[in-house]
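Below: one structure, written as structure tokens.
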Amino acid sequence: MSTAKRTKATRGAYQLVVLAIRNEARRVENLLKGVMVVDSEECALLVGPAAPLHRMAESKDVNPYHLGHSCRSLPALSCLRERAKVSCMLPSLSLWSDVLKIIIPVIVASGLGIWANRKLEHLKKDIQNMLAVRARRTDFLRSQIEKLYGPLSFYLDLNSQNLALHADILRVDTSSPQLRLTSKEIDQVITAINLYARRTTANNEAIADLLRAQWAWLDTDDGEVMIKHVFAHIRSNVEFDLANNAKLPLDYYREGSIKPPTVHSTDLADRIRKKLQDKQLELSGLVSAVTTTRDEH
Numbered sequence: 167m168s169t170a171k172r173t174k175a176t177r178g179a180y181q182l183v184v185l186a187i188r189n190e191a192r193r194v195e196n197l198l199k200g201v202m203v204v205d206s207e208e209c210a211l212l213v214g215p216a217a218p219l220h221r222m223a224e225s226k227d228v229n230p231y232h233l234g235h236s237c238r239s240l241p242a243l244s245c246l247r248e249r250a251k252v253s254c255m256l257p258s259l260s261l262w263s264d265v266l267k268i269i270i271p272v273i274v275a276s277g278l279g280i281w282a283n284r285k286l287e288h289l290k291k292d293i294q295n296m297l298a299v300r301a302r303r304t305d306f307l308r309s310q311i312e313k314l315y316g317p318l319s320f321y322l323d324l325n326s327q328n329l330a331l332h333a334d335i336l337r338v339d340t341s342s343p344q345l346r347l348t349s350k351e352i353d354q355v356i357t358a359i360n361l362y363a364r365r366t367t368a369n370n371e372a373i374a375d376l377l378r379a380q381w382a383w384l385d386t387d388d389g390e391v392m393i394k395h396v397f398a399h400i401r402s403n404v405e406f407d408l409a410n411n412a413k414l415p416l417d418y419y420r421e422g423s424i425k426p427p428t429v430h431s432t433d434l435a436d437r438i439r440k441k442l443q444d445k446q447l448e449l450s451g452l453v454s455a456v457t458t459t460r461d462e463h
């Protein structure tokens with residue numbers, strides 16, 4: 167490699183170091199496509215009193231670590247100007263290889279190490295913030311599941327089973343001659359039906375108590391449907407006795423002035439069950455993600 171080519175390559179490498187120190191990564195990337203060539207006067211304008219670097223540029227044996235060390239004593243870089251021109255494309259792979267041997271150690275020694283450390287610090291903070299957000303979401307979901315949605319789904323699904331069996335018993339024709347039920351046995355069937363209804367009422371009372379204590383954990387889109395459910399339970403206690411006898415004249419219900427209260431809704435039970443499953447699935451994913459991220463870092 168001729169002295170002239172080595173001088174041009176070294177000067178171009180120096181310009182890359184200047185840009186690297188200023189963290190101008192895009193311009194460094196563009197300059198890698200060619201070597202910046204400047205004359206002695208322009209070089210003086212760019213670097214000021216950096217005579218050791220000029221002498222190194224004219225030398226046949228350039229020690230990149232000395233060049234990197236000299237960069238630490240450079241004057242303020244505000245004098246960097248746009249007069250430098252990319253006027254020499256790399257003519258051969260051998261010249262490219264020689265230039266890289268100079269550029270890479272210089273950049274590492276001069277400024278990219280500090281830049282990389284800063285980037286790593288930012289990345290570390292980003293990861294910590296992400297873990298903190300996931301931890302808060304994990305705690306919130308766990309509290310929702312344990313304090314509200316788990317017990318709520320339990321009571322509603324239990325009511326579904328109670329009323330399903332209640333309906334099955336009512337569908338049996340007790341007057342059928344095939345059953346041959348005595349009046350005492352018929353009374354026992356009626357008693358069982360009423361007991362299932364009372365169990366449903368007790369579960370609804372537990373739901374009302376649960377919502378009263380844990381309302382803050384309820385999703386906002388569930389508020390309206392749960393208020394309707396609790397209000398229907400209140401109406402049931404006011405308008406019917408334990409034997410399911412109406413306390414208001416039946417004509418009120420027959421004429422459609424008011425609708426009889428609904429003590430249970432299978433749609434509501436399905437909704438809350440789905441909510442519980444979704445929250446459990448999300449919680450499982452968050453716990454797995456946080457554990458994996460901590461293991462990796």
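Residue numbers for the sequence shown follow my numbering, beginning at 167 and rising by one.
Built from N, CA and C at the ideal position, the CB exists for glycine as well.
Contact check, residue 308 vs residue 442, beta carbons under 8 Å: Not in contact: residue 308 and residue 442 (Cβ atoms no closer than 8 Å).
Contact between the region 360 to 369 and the region 297 to 316 (3+ Cβ pairs under 8 Å): Verdict: no, contact absent.
Alpha-carbon to alpha-carbon, residue 406 and residue 321: Each residue's Cα considered, the two are about 21 Å apart.
Validate contact between the region 386 to 406 and the region 346 to 356 using beta carbons, cut 8 Å, 3 pairs: Too few Cβ pairs lie closer than 8 Å, so no.
Contact between the region 280 to 291 and the region 429 to 439 (3+ Cβ pairs under 8 Å): The region 429 to 439 and the region 280 to 291 do not touch, with fewer than three beta-carbon pairs separated by less than 8 Å.
Exposure of residue 445, with buried meaning 16 or more beta-carbon neighbours within 10 Å: Classification of residue 445: buried, given that the 10 Å Cβ count is 16 or more.
Supposed close pair residue 391, residue 437 - CB separation, criterion 8 Å: With 8 Å as the limit, residue 391 and residue 437 qualify as a contact, their Cβ atoms being about 7 Å apart.
Inter-residue Cα distance where the pair is residue 427 and residue 380: Looking at the backbone, the Cα of residue 427 and that of residue 380 are separated by about 24 Å.
Endpoints, the alpha helix (DSSP H) within which residue 361 is located: That run of the alpha helix (DSSP H) goes 349 to 380.
Exposure of residue 423, with buried meaning 16 or more beta-carbon neighbours within 10 Å: Residue 423 should be labelled exposed.
Alpha helix (DSSP H) segments (min. 4 residues) lying fully within the region 292 to 343: For the region 292 to 343, the full-length alpha helix (DSSP H) segments reaching 4 residues or more read 316 to 336 along the chain.
Residue environment, residue 447, which counts as buried when at least 16 other CB atoms sit within 10 Å: Within 10 angstroms of the beta-carbon of residue 447 lie fewer than 16 other beta-carbons, which makes it exposed.
Range covered by the alpha helix (DSSP H) that runs through residue 345: Counting along the chain, residue 345 falls outside any alpha helix (DSSP H), and DSSP gives it neither H nor E.
Neighbour-count burial assignment, residue 331, 16 or more Cβ in a 10 Å radius: Label assigned to residue 331: exposed.
Beta-carbon proximity of residue 404 to residue 304, cut-off 8 Å: Cβ atoms of residue 404 and residue 304: not closer than 8 Å.
Cβ-based neighbour list, residue 418, same chain, cut-off 7 Å, excluding 5 preceding and 5 following: Only residues of its own chain outside the window of five on either side were considered, and among them 424 have a CB closer than 7 Å to the CB of residue 418, listed in chain order.
Residue 253 to residue 302 span [Cα, whole Å]: With a pLDDT of only 39 at residue 253, under the threshold of 50, the placement of this residue in the model should not be trusted; the figure read from the coordinates follows. Roughly 56 Å between the two C-alpha positions.
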